[in-house]
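J.: Under the working numbering, the first residue of the sequence shown carries the number 423, and numbering increases by one thereafter.
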Amino acid sequence: MPTSSHYHRHLEQRAKAKKELYHSLKAKADAEKSLVVKLADRLTEIFGTLTFLVINILVFAIWIVVNVDLLPGLKAFDDFPFSFLTMVVSLEAIILAIVILISQNRAAIVSDLRQEVDLQVDVKSEAEITKLLELVIQLLEKNGVDLSKDEALNEMLRPTDLDKIEQELGEEFKGKSSP
Numbered sequence: 423m424p425t426s427s428h429y430h431r432h433l434e435q436r437a438k439a440k441k442e443l444y445h446s447l448k449a450k451a452d453a454e455k456s457l458v459v460k461l462a463d464r465l466t467e468i469f470g471t472l473t474f475l476v477i478n479i480l481v482f483a484i485w486i487v488v489n490v491d492l493l494p495g496l497k498a499f500d501d502f503p504f505s506f507l508t509m510v511v512s513l514e515a516i517i518l519a520i521v522i523l524i525s526q527n528r529a530a531i532v533s534d535l536r537q538e539v540d541l542q543v544d545v546k547s548e549a550e551i552t553k554l555l556e557l558v559i560q561l562l563e564k565n566g567v568d569l570s571k572d573e574a575l576n577e578m579l580r581p582t583d584l585d586k587i588e589q590e591l592g593e594e595f596k597g598k599s600s601p
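1. Measuring CB to CB, does D491 end up less than 7 angstroms from A498?
2. Relative to the C-alpha of R580, which candidate in N565, V481 and I551 has its C-alpha closest?
3. Quick check on N565: does DSSP put it in helix, strand or coil?
4. Can you tell me where the alpha helix (DSSP H) with E573 in it begins and where it stops?
5. Could you check if R528 is buried or exposed, using at least 16 other CB atoms within 10 Å of its CB as the buried criterion?
6. Does the beta-carbon of S456 have 16 or more other beta-carbons within 10 angstroms, so that it is buried, or is it exposed?
7. Within 10 Å of its beta-carbon, does A574 have 16 or more other beta-carbons around it, so buried, or fewer, so exposed?
8. Nearest-angstrom Cα distance between R431 and K438?
9. Count the C-beta pairs between the stretch 449-465 and the stretch 510-526 that are closer than 8 angstroms, then say yes if the count reaches three, no if not.
10. In angstroms, rounded to a whole number, what distance separates the CA positions of F595 and E588?
11. Pair every Cβ in the stretch 468-486 with every Cβ in the stretch 496-511, then say whether three or more of these pairs are closer than 8 angstroms.
12. I believe A453 touches V532 by the beta-carbon criterion, under 8 angstroms. Please report the beta-carbon distance rounded to the nearest angstrom.
13. Would the C-beta of R436 count as close to the ligand GDP, meaning under 6 angstroms from any of its heavy atoms?
14. I need the straight-line Cα distance from L562 to T471, nearest angstrom please.
15. Let's see if you can read the secondary structure: which residues bound the alpha helix (DSSP H) around A483?
16. To the nearest angstrom, report how far apart V567 and K546 are at their CA atoms.
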């Protein structure tokens with residue numbers, strides 16, 4: 423018969439396996455990234471920094487100062503209302519949005535995989551907890567404890583209706599997603 427230390431090692435191994443699975447999901451997703459997605463991720467890292475914000479502010483400020491003739495000797499190339507600057511900023515916004523969306527789409531795929539793993543682990547954990555509860559009940563009954571009137575216990579012993587949960591979540595999602 424296995425000892426408690428055997429069970430303890432088994433639980434530690436399971437926790438380690440879950441952590442490794444999470445790591446392997448990310449590593450696999452990273453390894454499967456196309457060059458475009460890798461570039462989008464790197465650019466998203468750069469664009470999401472204070473340095474990038476400061477550089478943008480400085481470039482736009484210098485652009486405006488040069489083009490309102492505040493610096494003698496420099497000829498304005500984009501007179502007020504700064505049509506060329508508006509076009510550059512608009513193009514930058516479009517490019518930033520697309521790059522961020524590419525990066526977020528890939529991150530969403532990894533997140534969905536992790537959620538699926540979590541769901542599977544949760545369902546398995548629930549089955550294991552139910553089994554433990556049954557063992558505890560057997561021990562209590564063997565020692566003469568009457569559990570027949572314990573409604574909370576009876577509720578815990580009922581199998582989880584995954585179809586009902588899925589239906590409720592679907593209805594909740596529909597309610598939140600409709601205008």
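Note that CB positions come from ideal geometry on N, CA and C, so glycine has one too.
It should be emphasised that the depicted structure is a prediction, and the values quoted were computed from it without experimental measurement.
T.: Looking at the atomic coordinates:
1. yes
2. I551
3. coil
4. E573 to L579
5. buried
6. exposed
7. exposed
8. 10 angstroms
9. yes
10. 10 angstroms
11. yes
12. About 12 angstroms; that fails the 8 angstroms criterion.
13. For the structure depicted, the ligand GDP is absent and the ligand set is empty, with no information on it obtainable.
14. 59 angstroms
15. L472 to N489
16. 29 angstroms
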